[in-house]
Amino acid sequence: MSAGPGQGDLLAQLRQSLGLLQVAFDAASEAMLILDPSGEVRWGNQAAADIWTDGLAILLVGRRLEQLLEPIANRGGHPLSLEAPVHPLQLLKAGDGGGVFELKGKVLRLEWRLIPEPGEGYRLLLARDLEPQEQALQLQRQFLNQLAHELHTPLAIVSGSLSRLQAKTTELSQKPRQWLAQAREETSRLGRLLTTLMALTDLDTGRRVLCLEPAPLAPWLRQWRHEQVLPAGAELELHIDPEAEAVRIASDGPALQELLAQLLDNSLRYSDAPVRIALALRLDGAQLQLRWADQGWGINSEPRDQVFERFVRLEEHRRPQQVDGAGLGLALARELQAAMGGSLQLAASSPDQPGVAFLASWPRRDD
Numbered sequence: 003m004s005a006g007p008g009q010g011d012l013l014a015q016l017r018q019s020l021g022l023l024q025v026a027f028d029a030a031s032e033a034m035l036i037l038d039p040s041g042e043v044r045w046g047n048q049a050a051a052d053i054w055t056d057g058l059a060i061l062l063v064g065r066r067l068e069q070l071l072e073p074i075a076n077r078g079g080h081p082l083s084l085e086a087p088v089h090p091l092q093l094l095k096a097g098d099g100g101g102v103f104e105l106k107g108k109v110l111r112l113e114w115r116l117i118p119e120p121g122e123g124y125r126l127l128l129a130r131d132l133e134p135q136e137q138a139l140q141l142q143r144q145f146l147n148q149l150a151h152e153l154h155t156p157l158a159i160v161s162g163s164l165s166r167l168q169a170k171t172t173e174l175s176q177k178p179r180q181w182l183a184q185a186r187e188e189t190s191r192l193g194r195l196l197t198t199l200m201a202l203t204d205l206d207t208g209r210r211v212l213c214l215e216p217a218p219l220a221p222w223l224r225q226w227r228h229e230q231v232l233p234a235g236a237e238l239e240l241h242i243d244p245e246a247e248a249v250r251i252a253s254d255g256p257a258l259q260e261l262l263a264q265l266l267d268n269s270l271r272y273s274d275a276p277v278r279i280a281l282a283l284r285l286d287g288a289q290l291q292l293r294w295a296d297q298g299w300g301i302n303s304e305p306r307d308q309v310f311e312r313f314v315r316l317e318e319h320r321r322p323q324q325v326d327g328a329g330l331g332l333a334l335a336r337e338l339q340a341a342m343g344g345s346l347q348l349a350a351s352s353p354d355q356p357g358v359a360f361l362a363s364w365p366r367r368d369d
């Protein structure tokens, strides 16, 4: 049966709309791929073809994602094997996500997400060239890294000299003793700031690469909790769901130590005594989640996510007679979590629950 005039017009309009849509996608600077559940490319725009097939979009169809992502390196330039926990192929298994990688001589921001059409298991992969911005940012990070390392040694010398002077405070009057105590306090604060800054810039520049090994988190958490020395009156509770007991994640012991140390420092710094902290480990589908909740001052400033930005200190958290933090701790915590292939975010706030809650998530490892 031939289509009637009305149907013919509709088909013509549909073809024209699809053609215009393809033109719009091809004009986009962001590369786009649609992948089927098996990881084969079903469609790609011109920007994707420029990256992977010398500008011929038709050659993208049927290619497998592992072919397109080989070879690939992390942000610091270290090659990633297909089995590496932070390789995009492994991260894809955990659901929507993204990261910065080096591929085809470019620095690319890759993002992936599930799409409802044309069927279950299809994904949209986006790739954005960060080369101009990344080059400028990398130079800035290298400068900060070098500066932090250069300042660390003279600051340690000053701190040692102040310690020796303070050991002789009996020979000083009260006022000089106060000045000396203030100088030591400020020197210690600068030392902590430099240590955190060095940790951040070492990750940024690729100077530090985590050694990720599949291991269950639950027993490690119990041992960590046992080793903590808390201020008088402070409580740190740990609850582990039975189904999370043996779940493994790709983790790095020192990175986990630093991550939890930053969260603990944040809770102790921004809570009134007695401090109450509750940790809960549970399995949520393919994600192992650790909820960290305190009963402190909370976060009301919008956007709340700004607390993960570097050198951000909230005005609502300023208190008289309290030494401010550097505004780097939560930024370091999020970077460490990202380096382990996980995420760190603020959990939803509730008016009837004071304090702040963080949610750390890792893809479970079944191998």
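Once you know that position 222 of the sequence shown is 224 in the numbering used here, the rest is easy, because the numbers rise by one and skip nothing. Note that CB positions come from ideal geometry on N, CA and C, so glycine has one too.
Check: 8 angstroms Cβ cutoff met for G235 and A295; Outcome: no
Check: Buried/exposed call for R77, threshold 16 Cβ in 10 Å; Outcome: buried
Check: Pair within 8 angstroms by beta-carbon distance, L292 and A362; Outcome: yes
Check: Pairwise C-alpha distance: Q355 and H241; Outcome: 18 angstroms
Check: With 16 other Cβ atoms within 10 Å as the buried cut-off, status of T155; Outcome: exposed
Check: For I159, the three-state DSSP class (helix, strand or coil); Outcome: helix
Check: The region 35–43 touching the region 83–90, judged by at least three CB pairs closer than 8 angstroms; Outcome: no
Check: Close beta carbons around D204, own chain, < 6 angstroms, minus the five adjacent residues each side; Outcome: R210
Check: P39 versus R227, L67, W54, residue with shortest Cα-Cα distance; Outcome: L67
Check: Runs of beta strand (DSSP E) lying entirely within the region 228–305, each at least 3 residues, in chain order; Outcome: 237–242, 250–253, 278–286, 289–296
Check: Identified DSSP bridge partners for M200; Outcome: Answer by DSSP bridge pairing: none, since M200 is not bridged.
Check: D354 (DSSP reduced to helix, strand or coil); Outcome: coil
Check: Helix, strand or coil at S345 [DSSP, three-state]; Outcome: strand
Check: Backbone CA spacing between L58 and A49 [nearest angstrom]; Outcome: 10 angstroms
Check: Backbone CA spacing between A246 and N302 [nearest angstrom]; Outcome: 32 angstroms
Check: Beta-carbon contacts of G99 that lie in its chain and below 7 angstroms, excluding the five residues immediately before and after; Outcome: L93, W114
Check: Three-state secondary structure assigned by DSSP to P322; Outcome: With a pLDDT of only 48 at P322, under the threshold of 50, the placement of this residue in the model should not be trusted, and no figure is reported.
Check: Cutoff 8 angstroms: L67 Cβ touching any chain B Cβ; Outcome: No chain B is part of this structure, which consists of one protein chain only.
Check: Enclosing alpha helix (DSSP H) for E68 [first to last residue]; Outcome: 67–70
Check: Top-ranked residue by Cα proximity to C213, from I159, L330, A252; Outcome: A252
Check: Cβ-heavy atom distance, V358 to the ligand PLP, below 7 angstroms; Outcome: Only the bare structure without any ligand can be found here, which leaves the ligand PLP out of the picture.
Check: Cα-Cα separation, P73 to I279; Outcome: 44 angstroms
Check: Inter-residue spacing [alpha-carbon to alpha-carbon] between L167 and L146; Outcome: 31 angstroms
Check: Reduced DSSP category for S40 - H, G, I as helix; E, B as strand; rest coil; Outcome: coil
Check: Between the CA atoms of G255 and E337 - distance to the nearest angstrom; Outcome: 15 angstroms
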